[in-house]
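Q: Listed in order, the protein sequences are those of chains R and S. If you read the first sequence in our numbering, its first letter stands for residue 1, the second for the next number, and so on. If you read the second sequence in our numbering, its first letter stands for residue 1, the second for the next number, and so on. Ideal Cβ positions, reconstructed from N, Cα and C, are used throughout, including at glycine. Got a structure for you, written out below as structure tokens; questions coming shortly.
2 protein chains.
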Amino acid sequence: MDIAHRATDQQTTAEQRRRELLEAADRVVLRDGPKASMNAIAAEAGITKPILYRHFGDKGGLYRALATRHTDALLASLRASLDAPADRRRRVEATLDTYLASIEAMPQVYRFLMHPAEEPHQTEQGFDVGRHSAPLLRRMGEELGQVIAERVDLGPAADAQARIWGHGIVGMMHAAGDWWLGERPCSRADLVKSLADLLWGRLAAADDLPGGPGF
Amino acid sequence: MDIAHRATDQQTTAEQRRRELLEAADRVVLRDGPKASMNAIAAEAGITKPILYRHFGDKGGLYRALATRHTDALLASLRASLDAPADRRRRVEATLDTYLASIEAMPQVYRFLMHPAEEPHQTEQGFDVGRHSAPLLRRMGEELGQVIAERVDLGPAADAQARIWGHGIVGMMHAAGDWWLGERPCSRADLVKSLADLLWGRLAAADDLPGGPGF
DNA sequence: AGCATGACGTTACTTGCGGTAACAGCAGTC
DNA sequence: GACTGCTGTTACCGCAAGTAACGTCATGCT
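Next comes the structure, spelled out in structure tokens:
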């Protein structure tokens, strides 16, 4: 066998093994939650711990690999909604609905993505400040900010504005979705409409109620 | 000594001891981050582990007590901004600024509040879905929703709408603030103004840029 | 006085997890 | 046949959460 062929063979088998391990890890994490142990994952994959560590370095590496897979999948479906041919309001509603439908359909995946394995990652004085959100939120915020910057005319300082709005809107969607998922106070469609209304300035347009200063 | 007096004495000394322990825990958590060990906290307080466990049950109990203190303090200052005598836009900006100034001034406290100690808390199928946000976010969302419901005229279904908006606005503030704290892409005042603009419907009002469908 | 209660405090232990040697089998290569 | 490099194992270390068992000292009851 040619040395190049051998190298690629090894690489492909290694990648395939990695995929198998990731799928096993997925099953365990979705069953046991974020506190799934490396032993349990190894057992599910039919092997023992050191092999996991050879493939992923440490627990953070495994969890990052898992999270990346799911995050990519979710972002892809969000991009599809964001690129649908319709007016802005409809696209915003479609994107919100896609996100909410996803977390509703796979709450365990959602939980896992929002609870990243926090590596020590010490810097300077004790630990790093900032960077507390899940990577999924950051990526969604950045991508939405880019989309806004590309498509919406915001005048001067448009880029900064667009990024702020991207992260802000994503945070709004996330927090409202999280609360909704826990309490289910209304239908998904109601939630989508209310959030879109919020972005459409209905808060600013509403009148005060009598008795005291309005919010 | 009367038995009643004795009981109250014991109670007050116990409460005082508890406060001392909480202050020691605060110092350690703010120094070492959320991964502070019970041993370290006990050492800082000049005692040993079992006493901590007698007072707080488990690590989650200690962390919950700590978080409640800080959350109460932050909520109090937010309420002050929310109740200031000014028009709605100014109050919104003041509240955003108060929040951002707080997390900017005490990022370690902020980090701790957003990374609650996740108890096992197993329910039904493996683990509970929903409830992934920090309690601070939930409380802020609920309180803001209540304020909106009390003061803004939203017509029918106002209560549901107000709660959705409360959680959504809090999430927007949180995500944008978290990103801003990590990257510092602009001044605090700029961020406040951009977020208020977002809530005031400037996204809906903006024109499309040429070339492709607008967001 | 003598004794019981109960909080404060300790040392020493168990359990479980992340992570790491150190070693064994089994291709294919020179 | 020795060498390399992968797969896999067992057995261990370090460390943190949480607990058991014990000692001590002030207080109140009899």
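1) Could you tell me which uninterrupted beta strand (DSSP E) segments, each at least 3 residues in length, are contained entirely in the segment 23-92 of chain S, listed from first to last along the chain?
2) If you draw a straight line from the alpha carbon of Ala43(R) to that of Gly61(R), how long is it in whole angstroms?
3) Just the chain S side, please: which residues come within less than 7 Å of His174(R) by C-beta, in chain order?
4) Closest to Gly177(S) by CA distance: which of His167(S), Arg91(S), Val192(S) is it?
5) For Val170(R) and Asp207(R), I'd like the C-alpha separation in whole angstroms.
6) Tell me, please, whether the segment 145-153 of chain S touches the segment 61-72 of chain S by the rule of three or more beta-carbon pairs shorter than 8 Å.
7) Can you list, in chain order, the residues of the segment 62-75 of chain R whose Cβ is nearer than 8 Å to any Cβ on chain S?
8) Can you grab the Cα-Cα spacing for the pair Val92(S) / Leu82(S), in whole Å?
9) Among Ala157(S), Ala160(S), Asp97(S), Tyr110(S), which has the Cα closest to the Cα of Arg31(S)?
10) Looking only at DSSP bridge pairs, what is Val147(R) linked to?
11) Taking buried to mean at least 16 other C-beta atoms within 10 Å of its own C-beta, is Ser37(S) buried or exposed?
12) For Ala14(S), which residues from the same chain have a beta carbon less than 6 Å from its beta carbon, with the 5 sequence-adjacent residues on both sides left out?
13) Give a yes or no on whether the C-beta atoms belonging to Leu195(R) and Ile103(S) are separated by under 9 Å.
14) Under a CB-based cut-off of 9 Å, is Gly60(R) close to chain S?
15) Going along the segment 16-35 of chain R in order, which residues come within less than 9 Å of chain S, judged by CB to CB distance?
16) Can you list the residues of chain R that Gly46(S) reaches, using a CB-CB cut of under 7 Å?
17) Answer with yes or no whether the minimum CB distance from Leu136(R) to chain S is below 9 Å.
18) Please list, in chain order, the chain S residues whose beta carbon lies closer than 9 Å to that of Pro185(R).
19) Measure the C-alpha to C-alpha separation of Asp190(R) and Arg88(S) and round it to an integer number of angstroms.
20) Since Val152(S) sits in a beta bridge, which residues does DSSP pair it with?
21) Looking at the unbroken alpha helix (DSSP H) that takes in Met106(R), where does it start and where does it end?
22) In angstroms, rounded to a whole number, what distance separates the CA positions of Gly57(S) and Arg27(S)?
23) Kindly give me the distance between the Cβ atoms of Ala162(R) and Gly201(S), rounded to whole angstroms, as I take these residues to be in contact under 8 Å.
24) Label Gly46(S) either buried or exposed according to how many other C-beta atoms from any shown protein chain fall within 10 Å of its C-beta, with 16 as the threshold for buried.
25) Which stretch, first to last residue, makes up the alpha helix (DSSP H) that contains His167(S)?
26) List the whole-angstrom C-beta distance separating Leu22(S) from Ala65(S), where the pair is believed to meet the contact cut-off of C-beta under 8 Å.
27) Give me the Cα-Cα distance between Arg18(R) and Pro185(S), rounded to the nearest whole angstrom.
28) With Leu198(S) and Gly166(R) assumed to form a contact (beta carbons below 8 Å), what rounded beta-carbon distance in angstroms separates them?
29) Determine, for Ser194(S), whether the minimum Cβ-Cβ distance to residues of chain R falls below 9 Å.
30) Quick check: the Cα distance between Leu100(R) and Arg188(R), rounded to an integer number of angstroms?
31) At the level of alpha carbons, what is the spacing between Met140(S) and Ala94(S)?
32) Between Ala158(R) and Ala149(R), what straight-line distance do the alpha-carbon atoms span, to the nearest angstrom?
A: The structure says:
1) The beta strand (DSSP E) runs lying completely inside the segment 23-92 of chain S and spanning 3 residues or more number zero.
2) Answer to the nearest angstrom: the Cα atoms are 18 Å apart.
3) The contact set of His174(R) on chain S, defined by CB atoms closer than 7 Å, consists of Gly171, Ala175 in chain order.
4) Val192(S)
5) 27 Å
6) In this structure the segment 145-153 of chain S does not touch the segment 61-72 of chain S; the number of beta carbon pairs closer than 8 Å is below three.
7) none
8) 7 Å
9) Tyr110(S)
10) In the DSSP output, where bridge partners are listed per residue, Val147(R) has none listed.
11) Exposed is the call here.
12) none
13) No; because the gap between Cβ atoms is not below 9 Å, this pair is not in contact.
14) no
15) Leu30, Arg31, Asp32, Gly33, Pro34, Lys35
16) Within chain R, no residue comes near Gly46(S); the closest Cβ sits about 21 Å away, beyond 7 Å.
17) no
18) Ala160, Arg163, Ile164
19) 25 Å
20) Within the DSSP bridge table, the entry for Val152(S) names Asp208(R) as partners.
21) Met106(R) -> no alpha helix (DSSP H), and no H or E assigned at all.
22) Taking the straight line joining both Cα atoms gives about 20 Å.
23) Actually they are not in contact, since the Cβ atoms of Ala162(R) and Gly201(S) sit about 16 Å apart, beyond 8 Å.
24) exposed
25) 158-183
26) Rounded, the Cβ-Cβ distance is 6 Å, consistent with contact.
27) 38 Å
28) Rounded, the Cβ-Cβ distance is 10 Å, inconsistent with contact.
29) yes
30) 7 Å
31) When only Cα atoms are considered, Met140(S) and Ala94(S) end up about 15 Å apart.
32) 7 Å
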